[in-house]
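S.K.:
4 protein chains.
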Amino acid sequence: MTRPGRPAGPTDDTTTVVLTAALELLLTEGAVALTPQRLHAVTGVSRSTVYRHWPTPRDFLEALIAVAPLPPRTSSGDLARDLHTEVDLLCNRLRDKPVGGFLQALVAAASADPSTADLRRRYVGDLLAPFHDTLRTAGVKASAREDAVAAIVSPLLVDALLLDRPTARARAHRTVDETVARVVRA
Amino acid sequence: MTRPGRPAGPTDDTTTVVLTAALELLLTEGAVALTPQRLHAVTGVSRSTVYRHWPTPRDFLEALIAVAPLPPRTSSGDLARDLHTEVDLLCNRLRDKPVGGFLQALVAAASADPSTADLRRRYVGDLLAPFHDTLRTAGVKASAREDAVAAIVSPLLVDALLLDRPTARARAHRTVDETVARVVRA
Amino acid sequence: MTRPGRPAGPTDDTTTVVLTAALELLLTEGAVALTPQRLHAVTGVSRSTVYRHWPTPRDFLEALIAVAPLPPRTSSGDLARDLHTEVDLLCNRLRDKPVGGFLQALVAAASADPSTADLRRRYVGDLLAPFHDTLRTAGVKASAREDAVAAIVSPLLVDALLLDRPTARARAHRTVDETVARVVRA
Amino acid sequence: MTRPGRPAGPTDDTTTVVLTAALELLLTEGAVALTPQRLHAVTGVSRSTVYRHWPTPRDFLEALIAVAPLPPRTSSGDLARDLHTEVDLLCNRLRDKPVGGFLQALVAAASADPSTADLRRRYVGDLLAPFHDTLRTAGVKASAREDAVAAIVSPLLVDALLLDRPTARARAHRTVDETVARVVRA
DNA sequence: ATTTAACCGAGACGGTACGTCCCGTCTTTAC
DNA sequence: GTAAAGACGGGACGTACCGTCTCGGTTAAAT
């Protein structure tokens, strides 16, 4: 038996309109712009409503991370092939901004509010996960796996996040080859 | 013949007091705390004075970068030894916060004000420079150098900046060995 | 069908508290004290709120003029008697500060912001109006009326505004008598 | 025997330049604009220098009043004629701004800083003086004199100061005639 | 059809920080 | 000793958001 009255929670309209605009804002103007004020100005949804459903900045970041589409793992049997595929996937996502912008925003947000640092760590973890999975499936053991993932992915992240230059896709592929060779030797 | 009147620029007292506090603030509370208001509260130097000499946030970042002591290059003849030395140096600086905090702050600042992105790039460039120099001295050519530096340094930066974990010093040393081996083969 | 949302305009509380204090300030400390800052200090109403509802100094003067109670016209049939009554009324109001202080404040305000000069003129006009009315009712024609009003009232205003001395009530009554006599002769 | 060294006091240049600009400022922008800052901006004379010689706002008003040229008394023997002359003189000075603007400024200044009220009173007293003198010379006794001066001059001041309208010169002359007639009757 | 609980918009309100402007005092330098 | 240039502390200004709240009107389920 349920209580009478209107069910709780925001209207679907409101949710989509606001979160869409939020993502847009986050990527174009950075984490600082992600305020109820700005969202009201952009969407027309009233300030009160925004506060009602996403009381803290953290709530926005969580909602956005939840929304962000992580494409399903694609696994063939070949280690080298799978790693190359993952590299291309990551490079594309870094190039097309969503991921790069998100990272910048998360670093900035955590810098302003340390309590969101876990979101940043989790997000980065999710980016690394496919590589870890692939290597684990291939039977590479933990410590070597850590090294390999770091060697492949870190340069890409540094390029996108700190140096504002196109991700060095070719270099990453080379690193994959070296990694696979070393793993096979072992 | 010079103009009459008091020479321009802040008193030495003011400069040191403010910049010291600024660095302290930056490292303990992050980039957002680096405001005239906070500096006034912490140092007792009046808000007007702060605004007079460092009108924009960028002015602070520039002053701090200028102040930050970059240790002199130490070069023996041995490539492997030199690289290991540089790795230890960088790891120490990342562990002791100054560099890690600075990086976070610069990313956050650029997120709020894109015109400071060049400061960030320059700062990261300065971090990479010793490695580049060492490899160049050893006769490694440009493209291979880029790869090597990225492989060695990027994981360290990612650990410090994105994952909040102690820099993987051991792994970096391993990478150095592999790099040197590969370079020698070539 | 009305717009949704809370009705605009200050709460009744706010209005009365602020305007009361504003009048008090104006009369005790002069026009310069009539600032949002001071009103906040005196009333406890926050600075933001004051600025929200009375953004410019002019807004305060207007609100105060609107509030100021202009006593209802009292008209018997006798010209001399009515003029004497009006003189006493004006002298009382000048002596009890409200009007005198207001005049000083309006002159000072117009000196800082010429766009408030119309408020000053209107206010002075309102002070003269009862005399004009009385004389018009008695059938005195325009030009003579101007002269009479000026002769009776001006010295009172000058005493209050420029010479800081108690209004010369007796002299004003004498002037009324002379004026009436001259009018009757005509 | 004089002390060695440069004589004290401002250079003549400085004095004239600053005071000229001060009068200009006072009349065009009102008493509020009469600050060392503005004078520096307008004259090029340095802020320090201005503070040295006129430490308080009051010093400026005093210096300006001292400078203001009060034309010498012109006295024939005829009461009526002399009064008419004085009326014309005053009306001209009110019309040509210096006096009117000065009065406005003095009222505003006294409103901000009551300690300058005596300057205002003195200045107004100086305006009335010629009329008092003329009447005293003609043997009119004190109380009647007060009435007469008030009746003649007050309307002019009110027009200029409160109503921003051209001084009613004709009416003033009429008042002079009536006054003279009444005095003669007595 | 009525409840009834929730949504949503508009805005008041106290509060904090911002960046600017000016004040008055002072210190340093040149003449 | 005058003058210029400018540092410095201090205070008010007007603006912009923030987060909380209080009003009104609307909507959608459960009775």
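Residue numbers (the numbering used here), protein chains in the order written: chain A, 1 to 186; chain B, 1001 to 1186; chain C, 2001 to 2186; chain D, 3001 to 3186.
Idealized CB from N, CA, C, for every residue including glycine.
Taking the alpha carbon of Leu2161 (chain C) as the reference point, which residue from D:Val3124, D:Thr3134 and D:Pro3130 has its own alpha carbon closest?
M.R.: Closest in C-alpha terms to Leu2161 (chain C), from the list D:Val3124, D:Thr3134 and D:Pro3130, comes D:Val3124.
S.K.: Would Leu2036 (chain C) pass as a contact of Val2050 (chain C) if the rule is Cβ separation under 7 Å?
M.R.: Checking the displayed sequence, the identity of residue 2036 (chain C) turns out to be Pro instead of Leu. Yes; because the gap between Cβ atoms is below 7 Å, this pair is in contact.
S.K.: Give me, in chain order, the residues of the same chain whose beta-carbon lies closer than 7 Å to that of Arg3006 (chain D); leave out the 5 immediate sequence neighbours on both sides.
M.R.: Any reading at Arg3006 (chain D) needs caution, since the residue's pLDDT is 46, under 50, leaving its predicted position unreliable; the model's value is listed next. Counting only Cβ-Cβ distances below 7 Å, and skipping sequence neighbours, we find nothing.
S.K.: Run the proximity test for Glu1024 (chain B): is its beta-carbon closer than 6 Å to any non-hydrogen atom belonging to the ligand FMN?
M.R.: As for the ligand FMN, it is missing from this structure, which has no ligand bound.
S.K.: Spatial neighbours of His1053 (chain B) within its chain, please: C-beta separation below 6 Å, excluding the five flanking residues on both sides.
M.R.: Pro1010
S.K.: State the start and end residues of the unbroken alpha helix (DSSP H) segment that holds Ser1048 (chain B).
M.R.: Ser1048 (chain B) -> alpha helix (DSSP H) spans Arg1047 to His1053.
S.K.: Under DSSP, the alpha helix (DSSP H) around Asp1096 (chain B) begins and ends at which residues?
M.R.: Here Asp1096 (chain B) belongs to no alpha helix (DSSP H), and DSSP marks it neither H nor E.
S.K.: Quick check on Arg1120 (chain B): does DSSP put it in helix, strand or coil?
M.R.: helix
S.K.: What are the start and end residues of the alpha helix (DSSP H) that includes Pro57 (chain A)?
M.R.: Pro57 to Val67
S.K.: Leaving out five residues before and five after Ala3167 (chain D) in sequence, what residues of the same chain have Cβ atoms less than 7 Å from its Cβ?
M.R.: It should be noted that the sequence gives Thr, not Ala, for residue 3167 (chain D). The residues are Cys3091, Leu3094, Arg3095, Leu3156, Asp3159 and Ala3160.
S.K.: Using a Cβ-Cβ cutoff of 7 Å, what residues of the region 88-106 of chain A are near chain B? List them in chain order.
M.R.: Gln104 and Ala105
S.K.: Would you mind sorting Pro3130 (chain D) into buried or exposed? The rule is 16 or more other CB atoms within 10 Å of its CB.
M.R.: Buried, by the Cβ-count rule.
S.K.: Looking at the unbroken alpha helix (DSSP H) that takes in Asp1113 (chain B), where does it start and where does it end?
M.R.: Per DSSP, Asp1113 (chain B) lies in no alpha helix (DSSP H) segment and is marked neither H nor E.
S.K.: Along chain A, which residues have their Cβ under 9 Å away from the Cβ of Gly1005 (chain B)?
M.R.: Under the 9 Å cutoff, chain A gives no residues; its nearest Cβ is about 40 Å from Gly1005 (chain B).
S.K.: Below 7 Å between beta carbons: does that hold for Ser3154 (chain D) and Ser2154 (chain C)?
M.R.: yes
S.K.: On the three-state DSSP scale, how would you describe Ala3138 (chain D)?
M.R.: coil
S.K.: Can you name the start and end residues of the alpha helix (DSSP H) that Arg169 (chain A) belongs to?
M.R.: Arg169 to Arg185
S.K.: Would you call the CB atoms of Arg1058 (chain B) and Thr1116 (chain B) closer than 7 Å?
M.R.: yes
S.K.: Quick one, which residues of the region 133-160 of chain A are near chain B if we go by CB-CB under 7 Å, in chain order?
M.R.: Asp147, Ala150, Ala151, Ser154, Pro155, Leu157 and Val158
S.K.: What residues in its chain sit with their C-beta under 8 Å from that of Ala110 (chain A), if we drop five residues either side in the sequence?
M.R.: Apart from the 5 residues on each side of it in sequence, Ala110 (chain A) sits with its Cβ closer than 8 Å to the Cβ of Thr116, Ala117, Leu119 and Arg120 in its chain, given in chain order.
S.K.: Okay, do the region 78-85 of chain A and the region 166-181 of chain A touch, 3+ Cβ pairs below 8 Å being the bar?
M.R.: yes
S.K.: Suppose you measure from the CA of Leu1026 (chain B) to the CA of Ala1150 (chain B); what does that come to, to the nearest Å?
M.R.: 27 Å
S.K.: What residues of chain B sit near Arg174 (chain A), judged by a beta carbon separation below 8 Å?
M.R.: Those are Asp1147, listed as they occur along chain B.
S.K.: Thinking C-beta only, is Ala3148 (chain D) closer than 7 Å to Leu3128 (chain D)?
M.R.: no
S.K.: Answer with buried or exposed for Gly2044 (chain C), where buried requires no fewer than 16 other C-beta atoms within 10 angstroms of its C-beta.
M.R.: exposed
S.K.: Starting from the beta carbon of Val124 (chain A), find every residue of chain B whose beta carbon is closer than 9 Å, and list them in chain order.
M.R.: Val1158, Leu1162 and Leu1163
S.K.: Looking only at C-alpha atoms, which of B:Glu1024, B:Ala1144, B:Asp1113 and B:Ala1008 sits nearest to Arg1185 (chain B)?
M.R.: B:Ala1144
S.K.: Using a 10 Å radius around the Cβ and a threshold of 16 neighbouring Cβ atoms, would you call Thr175 (chain A) buried or exposed?
M.R.: buried
S.K.: Looking at Ala1021 (chain B) and Thr1079 (chain B), is the spacing between their C-beta atoms short of 7 Å?
M.R.: What sits at residue 1079 (chain B) in the sequence shown is Leu, not Thr. Against a cut-off of 7 Å, the Cβ pair of Ala1021 (chain B) and Leu1079 (chain B) comes out as no contact.
S.K.: Taking its Cβ as the centre, do 16 or more other Cβ atoms sit within 10 Å of Ala3142 (chain D), making it buried, or is it exposed?
M.R.: exposed
S.K.: Ala1031 (chain B) and Val1087 (chain B) - do their beta-carbons sit closer together than 7 Å?
M.R.: no
S.K.: Just checking: is the beta-carbon of Val2032 (chain C) within a distance shorter than 7 Å of some beta-carbon in chain D?
M.R.: yes
S.K.: Ala1170 (chain B): buried (16+ other C-beta within 10 angstroms of its C-beta) or exposed?
M.R.: exposed
S.K.: Starting from the beta carbon of Ala2129 (chain C), find every residue of chain D whose beta carbon is closer than 7 Å, and list them in chain order.
M.R.: Going along chain D, no residue has its Cβ under 7 Å from Ala2129 (chain C), so there is no contact; the nearest lies around 13 Å.
S.K.: Under three-state DSSP, which class holds Ser154 (chain A)?
M.R.: Helix.
S.K.: Please report the straight-line C-alpha distance between Leu3023 (chain D) and Leu3064 (chain D), rounded to a whole angstrom.
M.R.: Near 7 Å, if we compare the C-alpha coordinates of Leu3064 (chain D) and Leu3023 (chain D).
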